[in-house]
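**Student:** Residue numbers (my numbering), protein chains in the order written: chain A, 1361 to 1455; chain B, 1070 to 1549; chain C, 143 to 626. C-beta: ideal position from N, C-alpha, C; glycine also.
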Amino acid sequence: MPLDKKEIENIAWLARLTIADRAIAGYTKDLADILALVEQMQSVDTTAIEPLAHPLEIDTQLRPDEVKEEDQRDSFQNIAPLTEDGYYIVPKFIE
Amino acid sequence: MQWESVIGLELHVQLATRSKIFSGAANRFGARANTQACAVDLGLPGVLPVANEEVIRMAVKFGLAVDANIAKRSVFARKNYFYPDLPKGYQISQYELPIVSAGRIQIRDNGTVREIGITRAHLEEDAGKSVHEGFPGFTGIDLNRAGAPLIEIVSEPELRSAGEAVAYMKKIHSLVRYLEISDGNMQEGSFRCDANVSVRPEGETRLGTRAEIKNINSFRFVEQAINYEISRQIEHIEAGNEVVQETRLFDPDKNETRSMRTKEEANDYRYFPDPDLPPVVIDEDYIETVREQLPELPEQKRRRFMEAYGLSEYDSGYLVASKDTADYFEAAVTVAPGQAKPVANWIMGELGAALNRDNLGISAGKVSADMLAGLLMRIADGTISNNIAKQVFEAMWQGAGSADDIIEKQGLKQVTDTGEIGRLVDEAIAENSAQVQQYRDSPPEKRAKLIGYFVGQVMKKSRGKANPKQVNELLTERLT
Amino acid sequence: MHEYTLMELSRLLREREVSSVELVNAFLHRAEQFNDGLNCFISLFPEHALERARAADGLIAAGEAGPLTGLPVAHKDIFCTAGFKTSCASKMLDNFIAPYNATATERIDAAGSVMIGKTNMDEFAMGSSSETSFYGPVRNPWDTDRVPGGSSGGSACAVSARLVPAATATDTGGSIRQPAALCGVTGLKPTYGRVSRYGMIAYASSLDQGGPITQTAQDAAMLLSAMSGYDRRDATSADVKVDNYLDALNKEIKGLKIGLPREYFSAELERPITDALDGALKLFEQAGASIVDIELPHTELSIPVYYVIASAECSSNLSRYDGVRFGHRCTDPGDIMDLFCRSRSEGFGNEVKRRIMTGTYVLSAGYYDAYYLKAQRLRRLLRDEFRAALEQVDVIVTPTTPTAAFPLGSRLDDPVAMYLSDIYTVSVNLAGLPAISIPAGFSHGLPVGMQIIGNYFREAALLNVAHQYQQMTDWHKRMPGGRQ
Chain A
1361 MPLDKKEIEN
1371 IAWLARLTIA
1381 DRAIAGYTKD
1391 LADILALVEQ
1401 MQSVDTTAIE
1411 PLAHPLEIDT
1421 QLRPDEVKEE
1431 DQRDSFQNIA
1441 PLTEDGYYIV
1451 PKFIE
Chain B
1070 MQWESVIGLE
1080 LHVQLATRSK
1090 IFSGAANRFG
1100 ARANTQACAV
1110 DLGLPGVLPV
1120 ANEEVIRMAV
1130 KFGLAVDANI
1140 AKRSVFARKN
1150 YFYPDLPKGY
1160 QISQYELPIV
1170 SAGRIQIRDN
1180 GTVREIGITR
1190 AHLEEDAGKS
1200 VHEGFPGFTG
1210 IDLNRAGAPL
1220 IEIVSEPELR
1230 SAGEAVAYMK
1240 KIHSLVRYLE
1250 ISDGNMQEGS
1260 FRCDANVSVR
1270 PEGETRLGTR
1280 AEIKNINSFR
1290 FVEQAINYEI
1300 SRQIEHIEAG
1310 NEVVQETRLF
1320 DPDKNETRSM
1330 RTKEEANDYR
1340 YFPDPDLPPV
1350 VIDEDYIETV
1360 REQLPELPEQ
1370 KRRRFMEAYG
1380 LSEYDSGYLV
1390 ASKDTADYFE
1400 AAVTVAPGQA
1410 KPVANWIMGE
1420 LGAALNRDNL
1430 GISAGKVSAD
1440 MLAGLLMRIA
1450 DGTISNNIAK
1460 QVFEAMWQGA
1470 GSADDIIEKQ
1480 GLKQVTDTGE
1490 IGRLVDEAIA
1500 ENSAQVQQYR
1510 DSPPEKRAKL
1520 IGYFVGQVMK
1530 KSRGKANPKQ
1540 VNELLTERLT
Chain C
143 MHEYTLMELS
153 RLLREREVSS
163 VELVNAFLHR
173 AEQFNDGLNC
183 FISLFPEHAL
193 ERARAADGLI
203 AAGEAGPLTG
213 LPVAHKDIFC
223 TAGFKTSCAS
233 KMLDNFIAPY
243 NATATERIDA
253 AGSVMIGKTN
263 MDEFAMGSSS
273 ETSFYGPVRN
283 PWDTDRVPGG
293 SSGGSACAVS
303 ARLVPAATAT
313 DTGGSIRQPA
323 ALCGVTGLKP
333 TYGRVSRYGM
343 IAYASSLDQG
353 GPITQTAQDA
363 AMLLSAMSGY
373 DRRDATSADV
383 KVDNYLDALN
393 KEIKGLKIGL
403 PREYFSAELE
413 RPITDALDGA
423 LKLFEQAGAS
433 IVDIELPHTE
443 LSIPVYYVIA
453 SAECSSNLSR
463 YDGVRFGHRC
473 TDPGDIMDLF
483 CRSRSEGFGN
493 EVKRRIMTGT
503 YVLSAGYYDA
513 YYLKAQRLRR
523 LLRDEFRAAL
533 EQVDVIVTPT
543 TPTAAFPLGS
553 RLDDPVAMYL
563 SDIYTVSVNL
573 AGLPAISIPA
583 GFSHGLPVGM
593 QIIGNYFREA
603 ALLNVAHQYQ
613 QMTDWHKRMP
623 GGRQ
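Laid out in structure tokens, this is it:
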């Protein structure tokens, strides 16, 4: 079941990607092909199988509550596109 | 038509850890912008979150304190959405398997006690802050708060009025302070509230469409916002309209809520288990160890205060509502044994008034528990009267020193010398012959009332220092 | 000098037959000479490398050399290297100088190695041909009109062409083993959690794993020893003892039980690859191993399962590239949404966008259960099948790829065809198992690989079997013609 233009646009919006109108057809086809491949999964009944999120099924490692990081603002903001007075700067938006 | 309001609260409580929930950066308020945001908090490429063990312990503490179910296995999930102050494009939270679920807490509102269900409490990371002033045409992003640990406490929609909502919120506020898992500082955003509000006709069991009021940061505003929202929804429905499910903001200046205009489509957060963080697994032993370390909780303390100190339900309820007040009370009673009731009265009376006047918390007040106890001891041993004590208290508040110092320096010691009091009594009798006559003409049952006038006269002459009991006795004797 | 293995070079250094400066100069010279044609390096750092080499020579002279002191290596440009550009082969990170080191490369560095450069790859490790790089396609040194495989094509190519004796790489669905096979070198994907993922730019976090690409299993053992181990900065890192991989190499394989999954020998498999595997199995039997038929019945589902899980994780992992704190930012954004959308659309290439779109879709409301959760259930099924098989046998032997290197551009417009080139490798990532690919023969003049899959944290066993095979064969010694 191929996705329609509106669905493609909605996915792109959720992913914050701009897709040019001329590229929509390409995405529609590619996603349809991929989803057709993915449909193969439905051939197996998995109702009795628990989902597996981590291959080793380990517990998480926890960290002691200690402050380990020093201020590295200058180093981090050296690679930032736009900063002022220590702030990251973006176009004004209303909350 | 009679309407019933249905309210559920989501409280976001910042946990008082040293470091952040997933990084070793300091969890501290008020630093210069972005100086406490490390690579993990900034969501730089390649870096990974590692959960703070203290955050887990704090959540378990909270869960135990509200009789909740503690999950032996809880899972961090990603909530995906884009926002300029959300560095990774997702917030690490808990979704299907929160660490705390199915708890309950008792609230008292207008004399009635109700039990309110706590649906769940889950751990998550805070986002940063957007600063809209100071950058014309732009917004500045400060990520110091990004990654601060939060526990989000979600109530069942069982609150029925703004008053109940505030009572519930205060109860949770008090509890997290008791548990020492949060400073509860509302000005700094450590304790924030989202309120889900709907209304329905009395007797209806289905829920009405709700509005979510975001980020209300004081008890008073919660009350105002909910009351406004209830009226708005009722008026809206009675005018023949339907309530729309939406997010609203409370404007305290205008005392109204207004719709947040966002993009049309609903959010689709695409939650899934965070692959960087395997499940948090704890066992029964761990839970029991935390349980053993729980401090005395408000309800237990209230019962103990009633039994150990003979206080009324009201007084003990007042004292335990805040841990600082309860601690202050017990510290004072330790210094002034046997004075529990006067200590309670003074905390609720003079001290409470002074704190209110200066807008101070009890631990920041200018009269410490030791000082108050010292003052009350002087009432108990008859050194000063209750009235003089108020004067001494005021002087202590102004920083004039301990009760004993003030009594000594200002010569406020009660006069108990019978000769001296007798002289003042005689003066008063001599100066008020008309009243004396009236007293003597009255039947005995009315005399008790009339004697008050003479007591006042004598006290005035002694500048309040005469022992009222002695004054009374001498007057009764000499007026006859 | 370039034909020597890492182990041989290490001996030459220790015996003062050659200095680290000479070695590094020689490899830098080759890298500079051949990179124009092969495009396997994104960056070369001659000054840094020579400085490190001089320091290494000092340590060797002082008798303070570590296991890798003075040996040139290259790192896949997915590992963050403090102070050096770390691009992930994306326009998005073309300007990104990492402020920190990845644990894996930092450990290799601490063992004394000399980083000469960072290798090219598929953008954000998404691809099987190293053609999706912002810096242009990597070429296969055996036939420069063909792909080297991917996503670690730059590392495989550089080792194959002997431009560096060893390189790091990462493997999410075959990205170490498949290019190793297609370039005729040795590539090991360790057990999930064996090598820290800290500082390794994420593609799909529950599948990604770093590992070595080298000429030999012995060299892989050297590099893996340095890379491995628990790291408290990675909550998925395994707190499991690191075996002595070098000591394990020389064990006899007599009595070894080798499993052979019938499902892997399907019609799509090129005949010469089947022949290569048959030859290898004969050698193993001669050495005293036994071959046992095993079943991995749902192998064909591993591709759809992999693409659902990997795309889902990548769609979320790549949300941090928003133009605010680092990386590409569009010029003059009109508003915040324009900043996000345009920065991302300009910064990411087509395959990355395709996978973000797929991942966003499979996680979205109404599809989560049918796709993502379904894939996770099948992931358990696939893992359990491996577990059951590995109770019967010590290792599993399969082809690494169904075909030898394919022509450049031949699968770029057909994502599904490209995905199918990973059919023999992805299920290993889904299960989190370790596997190695080693050269096992040729198909029409192009190298082909044999994959050996082992049980969790049994890298030593894999390296042992691979090393024993390399003692009996010389496929791993073959070098691309005309490139010396």
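With DSSP as the reference, label Q1163 of chain B as helix, strand or coil.
**Tutor:** In the second sequence, residue 1163 of chain B corresponds to position 94, counting from 1. Q1163 of chain B: strand per DSSP, three-state reduction.
**Student:** With a threshold of 7 Å on Cβ separation, who are the neighbours of S485 of chain C within its own chain once the five nearest residues in sequence on each side are excluded?
**Tutor:** As a first step, residue 485 of chain C is located in the third sequence; it is residue number 343 there, counting from the start. Excluding sequence neighbours, S485 of chain C sits near D464, G465, H470, R471, C472.
**Student:** Let me make sure I understand the geometry here. Which of B:I1168, B:I1431, B:A1390 has the alpha-carbon closest to that of G1132 of chain B?
**Tutor:** In the second sequence, the residue the question calls residue 1132 of chain B occupies position 63. With distances taken between Cα atoms, G1132 of chain B lies closest to B:I1168.
**Student:** Let's see if you can read the secondary structure: which residues bound the beta strand (DSSP E) around R1550 of chain B?
**Tutor:** Only positions 1070 to 1549 of chain B appear in this structure, which leaves residue 1550 of chain B out of reach.
**Student:** Near Y513 of chain C, what residues of its chain come up, given a Cβ to Cβ distance below 7 Å and the 5 sequence neighbours on each side ignored?
**Tutor:** Position 371 of the third sequence, counted from the first residue, corresponds to residue 513 of chain C. Cβ within range, chain order: V450, V504.
**Student:** Reducing DSSP to helix, strand and coil, say where T540 of chain C ends up.
**Tutor:** Reading the third sequence from its first residue, position 398 is the one you call residue 540 of chain C. T540 of chain C falls in the strand class under three-state DSSP.
**Student:** Drop a sphere of 10 angstroms on the beta-carbon of A1408 of chain A, count the other beta-carbons inside from all chains shown, and report buried for 16 or more, exposed for fewer.
**Tutor:** Position 48 of the first sequence, counted from the start, is the residue given in the question as residue 1408 of chain A. Under this definition A1408 of chain A is an exposed residue.
**Student:** Could you work out which residues of chain A lie near A380 of chain C, taking near to mean beta carbons separated by less than 8 Å?
**Tutor:** Position 238 of the third sequence, counted from the first residue, corresponds to residue 380 of chain C. Under the 8 Å cutoff, chain A gives L1416, I1418.
**Student:** Check the Cβ of Y1355 of chain B against every Cβ in chain C and list those closer than 7 Å, keeping chain order.
**Tutor:** Counted from its first residue, the second sequence places residue 1355 of chain B at position 286. None at all; the shortest Cβ gap to chain C is about 18 Å.
**Student:** Could you run through the region 333-344 of chain C and flag, in chain order, every residue whose CB is less than 9 Å away from some CB of chain B?
**Tutor:** S338, R339, Y340, G341, M342, I343, A344
**Student:** Whole-angstrom Cβ separation of R521 of chain C and V447 of chain C, contact assumed at under 8 Å?
**Tutor:** In the third sequence, residue 521 of chain C corresponds to position 379, counting from 1. In the third sequence, residue 447 of chain C corresponds to position 305, counting from 1. Their Cβ separation, rounded to whole angstroms, is 6 Å, which keeps R521 of chain C and V447 of chain C in contact under 8 Å.
**Student:** Identify the contact partners of E1426 of chain A in chain B, using a Cβ-Cβ distance below 7 Å as the criterion.
**Tutor:** By one-based count along the first sequence, residue 1426 of chain A stands at place 66. Chain B residues near E1426 of chain A: R1087, S1088, G1093.
**Student:** Hey, could you find the ends of the alpha helix (DSSP H) S162 of chain C is sitting in?
**Tutor:** In the third sequence, residue 162 of chain C corresponds to position 20, counting from 1. Here the alpha helix (DSSP H) through S162 of chain C covers 162-180.
**Student:** Relative to the C-alpha of A608 of chain C, which candidate in C:E193, C:K393, C:I498, C:E527 has its C-alpha closest?
**Tutor:** For the purposes of this step, residue 608 of chain C is taken as the residue at position 466 of the third sequence. It is C:K393 whose Cα lies nearest to the Cα of A608 of chain C.
**Student:** Could you work out which residue in B:A1438, B:R1339, B:V1505 is closest to E1165 of chain B when comparing CA atoms only?
**Tutor:** Start at 1 with the first residue of the second sequence, and residue 1165 of chain B comes out as number 96. E1165 of chain B has its Cα closest to that of B:R1339, out of B:A1438, B:R1339, B:V1505.
**Student:** Counting only beta-carbon separations shorter than 7 Å, does T500 of chain C have a partner in chain A?
**Tutor:** The residue given as residue 500 of chain C occupies position 358 in the third sequence. Cβ-Cβ to chain A under 7 Å: yes for T500 of chain C.
**Student:** Where does P1118 of chain B sit, in a helix, a strand or coil, going by DSSP?
**Tutor:** Here residue 1118 of chain B corresponds to residue number 49 of the second sequence, with the count starting at 1. Secondary structure at P1118 of chain B: coil, using DSSP grouped into helix, strand and coil.
**Student:** Taking DSSP as the reference, what is the three-state secondary structure of F482 of chain C?
**Tutor:** Taking the third sequence and counting its residues from 1, the one referred to as residue 482 of chain C is at position 340. It is helical.
**Student:** Are there 16 or more other CB atoms within 10 angstroms of the CB of E159 of chain C, so buried, or fewer, so exposed?
**Tutor:** Along the third sequence, read from residue 1 onward, the residue named residue 159 of chain C stands at position 17. Here E159 of chain C is exposed, its C-beta having fewer than 16 other C-beta atoms within 10 Å.
**Student:** Quick one: does P622 of chain C have its CB under 7 Å from some CB of chain B?
**Tutor:** The residue you call residue 622 of chain C lines up with position 480 of the third sequence. No, its Cβ sits nowhere closer than 7 Å to a Cβ of chain B.
**Student:** Looking at chain A, is there any beta carbon in it that lies within less than 7 Å of the beta carbon of Y509 of chain C?
**Tutor:** Locating residue 509 of chain C in the third sequence gives position 367, counting from the first residue. Chain A has no Cβ within less than 7 Å of the Cβ of Y509 of chain C.
**Student:** Let me know the secondary structure DSSP gives M1329 of chain B once reduced to three states.
**Tutor:** On the second sequence, residue 1329 of chain B is found 260 positions in, with the first residue counted as 1. M1329 of chain B falls in the coil class under three-state DSSP.
**Student:** Using a Cβ-based criterion (distance less than 6 Å to any ligand heavy atom), does Y1338 of chain B qualify as near the ligand ATP?
**Tutor:** Ligands displayed in this structure: none; no statement on the ligand ATP is therefore possible.
**Student:** Are the region 290-305 of chain C and the region 169-178 of chain C touching by the rule of at least three beta carbon pairs closer than 8 Å?
**Tutor:** yes
**Student:** Pull the bridge partners of K218 of chain C from the DSSP assignment, please.
**Tutor:** Locating residue 218 of chain C in the third sequence gives position 76, where the first residue counts as 1. In DSSP, K218 of chain C forms a bridge with C:T261.
**Student:** Which residues in the same chain as A1171 of chain B place their Cβ atom closer than 8 Å to its Cβ, once the five residues preceding and following it in sequence are excluded?
**Tutor:** Your numbering for residue 1171 of chain B matches position 102 in the second sequence. Cβ neighbours of A1171 of chain B beyond the five flanking positions: A1137, N1138, G1186, I1187, T1188, R1189.
**Student:** CB-CB under 7 Å to F1374 of chain B, same chain, minus the five flanking residues each way: which ones, in chain order?
**Tutor:** For the purposes of this step, residue 1374 of chain B is taken as residue 305 along the second sequence, with counting starting at 1. Excluding residues within five positions, the ones whose Cβ falls inside 7 Å are L1380, S1385, L1388, V1389.
**Student:** Would you kindly work out how many angstroms separate the C-alpha atoms of T1406 of chain A and A452 of chain C, rounded to a whole number?
**Tutor:** Within the first sequence, residue 1406 of chain A is the residue found at index 46, counting from 1. Within the third sequence, residue 452 of chain C is the residue found at index 310, counting from 1. Their backbone Cα atoms lie some 20 Å apart in a straight line.
**Student:** Along chain B, in chain order, which residues have C-beta atoms closer than 8 Å to that of P1451 of chain A?
**Tutor:** Indexing the first sequence from 1 puts residue 1451 of chain A at position 91. Neighbours of P1451 of chain A in chain B, taken as residues at a C-beta separation under 8 Å, are given in chain order as G1206, F1207, T1208.
**Student:** Return the chain-ordered list of same chain residues with a C-beta closer than 6 Å to the C-beta of I578 of chain C, the five sequence neighbours on each side being excluded.
**Tutor:** Along the third sequence, read from residue 1 onward, the residue named residue 578 of chain C stands at position 436. The beta carbon of I578 of chain C is closer than 6 Å to those of L330, I594, L604, A608 in its chain, skipping five residues each way along the sequence.
**Student:** Any beta carbon of chain A sitting closer than 7 Å to that of V558 of chain C?
**Tutor:** Position 416 of the third sequence holds residue 558 of chain C. Yes, V558 of chain C counts as interfacial toward chain A.
**Student:** H1191 of chain B to D1345 of chain B, Cα distance in whole Å?
**Tutor:** Within the second sequence, residue 1191 of chain B is the residue found at index 122, counting from 1. Within the second sequence, residue 1345 of chain B is the residue found at index 276, counting from 1. C-alpha separation (whole angstroms): 18 Å.
**Student:** Suppose only complete runs of 3+ residues qualify. What are the beta strand (DSSP E) ranges in the region 417-461 of chain C, listed by chain order?
**Tutor:** 432-436
**Student:** Verify the CB distance criterion: does N1265 of chain B have a CB-CB separation below 7 Å to chain A?
**Tutor:** One-based indexing of the second sequence puts residue 1265 of chain B at position 196. The beta carbon of N1265 of chain B sits no closer than 7 Å to any beta carbon of chain A.
**Student:** For A608 of chain C, would you say it is in contact with chain B, using Cβ-to-Cβ distances shorter than 7 Å as the test?
**Tutor:** Within the third sequence, the letter at position 466 stands for residue 608 of chain C. Interface residue (Cβ-Cβ distance to chain B less than 7 Å): A608 of chain C is not classified as such.
**Student:** Is there a Cβ from chain C that is less than 7 Å from the Cβ of N1149 of chain B?
**Tutor:** The residue you call residue 1149 of chain B lines up with position 80 of the second sequence. Yes, because at least one Cβ of chain C sits closer than 7 Å to the Cβ of N1149 of chain B.
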